[in-house]
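One structure is given below, encoded as structure tokens.
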Amino acid sequence: MKLFRILAVILVASLLLGAALPALAQGPANTDSDGTNQLQPQPFQKGKPGVRPEAVKPQLLKPELAKFKVIKGVVKEVAAAKIKVDDYELFFAPDTAVKVPTLSKSAVFADIKVGMTVIVMVYEKDGKLYIRHINVVPGKPIITHNVGTVIEFAYDAATGGKITIEPKKGDNVTFEILAGKFKILPEGAEVKVGSLVTVISNRDPATVNRLIATGVVVHIPKPLPVRPEKVTGTITAIDQTAKTIKIGETVLSYNEKTLFALRGQLAVTTGQEAVAFCVKKEDGTLVALRVLVGIDLPEVMAELGAQLGNAEKVRTGQTS
Amino acid sequence: MPPAPLTAGTQLKLTVTQPADNIIVDTDRIEVKGTTGPGAVVSANNEFATADSQGNFAFAVMLDEGPNIIEVFSSDVSGNEANLTLTVSYVK
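Residue numbers (my numbering), protein chains in the order written: chain A, 991 to 1310; chain B, 2 to 93.
Below you can see the structure in the form of structure tokens.
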């Protein structure tokens, strides 16, 4: 009975080990952070014609994807049902999908010409490489970015429109905008004449000169830092109800953010010498940010400089 | 070991950390991530975004079945440009 139990345990253990080994041999699954199952890059190693390229074993979550490989190259030969891309002989199959960006119609095998750069997804069957998808790579970049100042803009989501910009260099450029296919960033930004923008456009491969704007990024200028104005003189009037202070002939308003600094005095009164730093509002009125009363600014700055100098000497051990 | 990110550009740098070139995926939407100049405009296929103040960008692009060319293009307001081309294949 005891021997029977030992044999049973050995049998179960060997079964479990046998099931686990192939999974371990395959390696860890590669799952992206967004849950996408991705294969590591699997470029074919170029070999002699007719020689099956050695491929690196992929790490897969879905092993059925392993049968596909991707080849990018130039079409060297085109025959009845096969093509040669670089050194690879590739065969067309009934389900081969062909995509040529310059053709508005559905592309077919006959549209593949010698000299075209193509990306091909292939699978192996009976020792041959069959094409599942073949896409022709456009000769020129399709997307362009154009920075310039808007001189004309009209767009309606239902009918489309156009945008014309004046680039920093070169002639004005006009882009078509297709109905419902236009995005503006930042969200809520307004495109208007004078705006500095980047127009993202697609060149329509079928009509070389047709530029289609897919979106615009409005570059909103950062507001320039406001340099405070300085008002110096004798305080001639103070109105605590209207919250204004008059220095010489200049009336300044103050608020809860205004900082008053006094030397040797407890309150701000008329007749005191003051220096005020203020900003001008859109309506032209001046708002005081800082008001120094009885403080000789050059003298204070000199004192401060001397104190800082002494502090530096202390820090660096230069005190005598 | 993850594949090395692709980098391009001189005046304006562009690095794409995701997706890897020549990758095969089984979803029709993939996130393009990387770094470029702060505030630069980055586009790929029909999508675009602006990089943040650190130069990071991320946005999703849709894939057609089969091999897809992902042309990542970055530009700044001074007109500097950089671009990279990746191939991402989508299998249903």
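Beta carbons: idealized from backbone N, C-alpha and C, even for Gly.
(request) Determine the DSSP secondary structure at residue 92(B), reduced to helix, strand or coil. (result) Within the second sequence, the letter at position 91 stands for residue 92(B). Correct three-state label for residue 92(B): coil.
(message) Using CA atoms only, rank isn't needed, just tell me which of 1250(A), 1243(A), 1070(A) and 1225(A) is closest to residue 1231(A).
(response) Within the first sequence, the letter at position 241 stands for residue 1231(A). The candidate whose alpha carbon is nearest that of residue 1231(A) is 1243(A).
(request) Less than 8 Å between the CB atoms is what I'm expecting for residue 1192(A) and residue 1109(A), so what's the real figure, rounded? (result) By one-based count along the first sequence, residue 1192(A) stands at place 202. By one-based count along the first sequence, residue 1109(A) stands at place 119. Actually they do not touch by this definition, with Cβ atoms about 19 Å apart.
(request) Could you check which residue in 34(B), 27(B) and 12(B) has the C-alpha nearest to that of residue 72(B)? (result) The sequence position of residue 72(B) within the second sequence is 71, counting from 1. Taking only the C-alpha atoms, the option nearest residue 72(B) is 34(B).
(message) Give me, in chain order, the residues of the same chain whose beta-carbon lies closer than 8 Å to that of residue 1208(A); leave out the 5 immediate sequence neighbours on both sides.
(response) Stepping through the first sequence from its first residue, residue 1208(A) is reached at position 218. Closer than 8 Å at Cβ, skipping near neighbours: 1174, 1175, 1176, 1179, 1180, 1181, 1185, 1186 and 1187.
(message) So, with DSSP's three-state summary, where would you put residue 1170(A)?
(response) In the first sequence, the residue the question calls residue 1170(A) occupies position 180. Correct three-state label for residue 1170(A): coil.
(request) Drop a sphere of 10 angstroms on the beta-carbon of residue 1062(A), count the other beta-carbons inside from all chains shown, and report buried for 16 or more, exposed for fewer. (result) Taking the first sequence and counting its residues from 1, one reaches residue 1062(A) at position 72. Result: buried.
(message) The beta strand (DSSP E) that contains residue 1276(A), what's its start and end?
(response) Taking the first sequence and counting its residues from 1, one reaches residue 1276(A) at position 286. Where residue 1276(A) is concerned, the enclosing beta strand (DSSP E) stretches over 1276–1283.
(message) Which residue wins for smallest C-alpha separation from residue 1200(A), given the options 1101(A), 1249(A), 1270(A) and 1152(A)?
(response) Position 210 of the first sequence, counting from 1, holds the residue named residue 1200(A). Cα-wise, what sits closest to residue 1200(A) is 1152(A).
(message) Contact criterion: CB-CB distance below 8 Å. Does residue 1111(A) meet it with respect to chain C?
(response) Among the protein chains of the structure shown, namely A and B, there is no chain C.
(message) Could you check whether the region 1211–1224 of chain A touches the region 58–65 of chain B, counting it as contact only if at least three pairs of C-beta atoms, one from each stretch, sit closer than 8 Å?
(response) no
(request) Please state if the CB of residue 17(B) and the CB of residue 64(B) are separated by a distance shorter than 8 Å. (result) Translated into positions along the second sequence, residue 64(B) becomes position 63. Translated into positions along the second sequence, residue 17(B) becomes position 16. Contact flag unset, no.
(message) For a quick check, are the C-beta atoms of residue 1265(A) and residue 1282(A) less than 8 Å apart?
(response) Position 275 of the first sequence, counted from the start, is the residue given in the question as residue 1265(A). Position 292 of the first sequence, counted from the start, is the residue given in the question as residue 1282(A). Cβ distance < 8 Å, so residue 1265(A) and residue 1282(A) count as in contact.
(request) Give the single residue among 7(B), 21(B) and 66(B) whose Cα lies nearest to the Cα of residue 1122(A). (result) Locating residue 1122(A) in the first sequence gives position 132, counting from the first residue. With distances taken between Cα atoms, residue 1122(A) lies closest to 66(B).
(request) Please work out which residues of its chain come closer than 8 Å, Cβ to Cβ, to residue 1067(A), disregarding the five sequence neighbours upstream and downstream, and give them in chain order. (result) The residue labelled residue 1067(A) in the question sits at position 77 within the first sequence. Excluding residues within five positions, the ones whose Cβ falls inside 8 Å are 1073, 1074 and 1104.
(message) Here's the rule I'm using: 16 or more other beta-carbon atoms within 10 Å means buried, otherwise exposed. How should residue 1204(A) be labelled?
(response) Stepping through the first sequence from its first residue, residue 1204(A) is reached at position 214. Buried, because 16 or more other Cβ atoms sit within 10 Å of the Cβ of residue 1204(A).
(message) Since residue 44(B) and residue 1135(A) should fall inside the 8 Å C-beta cutoff, what is the C-beta to C-beta distance between them, to a whole number of angstroms?
(response) Translated into the one-based positions of the second sequence, residue 44(B) becomes position 43. Translated into the one-based positions of the first sequence, residue 1135(A) becomes position 145. That belief holds up - the Cβ atoms of residue 44(B) and residue 1135(A) are roughly 7 Å apart, short of 8 Å.
(request) Following the continuous beta strand (DSSP E) through residue 44(B), name the residue where it begins and the one where it ends. (result) Locating residue 44(B) in the second sequence gives position 43, where the first residue counts as 1. Residues 42–45.
(request) Report the three-state DSSP secondary structure of residue 1256(A) (helix, strand or coil). (result) As a working note, residue 1256(A) is residue 266 in the first sequence. Three-state DSSP puts residue 1256(A) in coil, outside helix and strand.
(message) I'd like to know whether the C-beta atoms of residue 1106(A) and residue 1065(A) end up nearer to each other than 8 Å.
(response) Numbered from its first residue, the first sequence carries residue 1106(A) at position 116. Numbered from its first residue, the first sequence carries residue 1065(A) at position 75. Their beta carbons are under 8 Å apart, which means residue 1106(A) touches residue 1065(A) by this criterion.
(request) Would you mind sorting residue 39(B) into buried or exposed? The rule is 16 or more other CB atoms within 10 Å of its CB. (result) Taking the first residue of the second sequence as position 1, residue 39(B) is located at position 38. Burial call: exposed.
(message) Here's the rule I'm using: 16 or more other beta-carbon atoms within 10 Å means buried, otherwise exposed. How should residue 77(B) be labelled?
(response) Looking up residue 77(B) in the second sequence gives position 76. By the 10 Å Cβ count, residue 77(B) comes out buried.
(message) Let me check one thing: in DSSP terms, what residues is residue 1135(A) bridge-paired to?
(response) As a first step, residue 1135(A) must be located in the first sequence, where it is residue number 145. DSSP output for residue 1135(A) lists 1190(A) as bridge partner(s).
(message) Please state whether the Cβ-Cβ distance between residue 1088(A) and residue 1124(A) is less than 8 Å.
(response) The count along the first sequence starts at 1 and reaches residue 1088(A) at position 98. The count along the first sequence starts at 1 and reaches residue 1124(A) at position 134. Yes.
(request) Tell me, to the nearest whole angstrom, how far the beta carbon of residue 1165(A) is from that of residue 1145(A); I am working on the premise that it is less than 8 Å. (result) Taking the first sequence and counting its residues from 1, the one referred to as residue 1165(A) is at position 175. Taking the first sequence and counting its residues from 1, the one referred to as residue 1145(A) is at position 155. With 8 Å as the limit, residue 1165(A) and residue 1145(A) do not qualify as a contact, their Cβ atoms being about 11 Å apart.
(message) According to DSSP, is residue 1074(A) part of a helix, a strand, or is it coil?
(response) Numbered from 1 along the first sequence, position 84 holds the residue referred to as residue 1074(A). Reduced to three states, the DSSP call for residue 1074(A) is strand.
(message) Cβ closer than 7 Å: which chain B residues qualify as neighbours of residue 980(A)?
(response) Within the shown structure, residues of chain A are numbered from 991 to 1310, placing residue 980(A) beyond reach of any answer.
(request) Determine the direct distance from the alpha carbon of residue 1290(A) to that of residue 1234(A), and round the result to whole angstroms. (result) Here residue 1234(A) is taken as the residue at index 244 of the first sequence, counted from 1. Here residue 1290(A) is taken as the residue at index 300 of the first sequence, counted from 1. Answer to the nearest angstrom: the Cα atoms are 26 Å apart.
(request) Use the C-beta contact count for residue 41(B): other C-beta atoms within 10 angstroms, 16 or more gives buried, fewer gives exposed. (result) Within the second sequence, numbered from 1, the residue matching residue 41(B) stands at position 40. Classification for residue 41(B): buried.
(request) Just the chain A side, please: which residues come within less than 8 Å of residue 76(B) by C-beta, in chain order? (result) Sequence index remark: in the second sequence, residue 76(B) carries index 75 (1-based). Near residue 76(B) (Cβ distances below 8 Å), the residues of chain A are 1135, 1137 and 1188.
(request) Could you work out which residue in 1238(A), 1237(A) and 1284(A) is closest to residue 1256(A) when comparing CA atoms only? (result) Along the first sequence, one-based indexing puts residue 1256(A) at 266. Nearest of 1238(A), 1237(A) and 1284(A) to residue 1256(A), Cα basis: 1284(A).
(request) Give the secondary structure of residue 967(A) by DSSP, where H, G and I count as helix, E and B as strand, and everything else as coil. (result) Because chain A here runs from 991 to 1310, residue 967(A) falls outside it and cannot be looked at.
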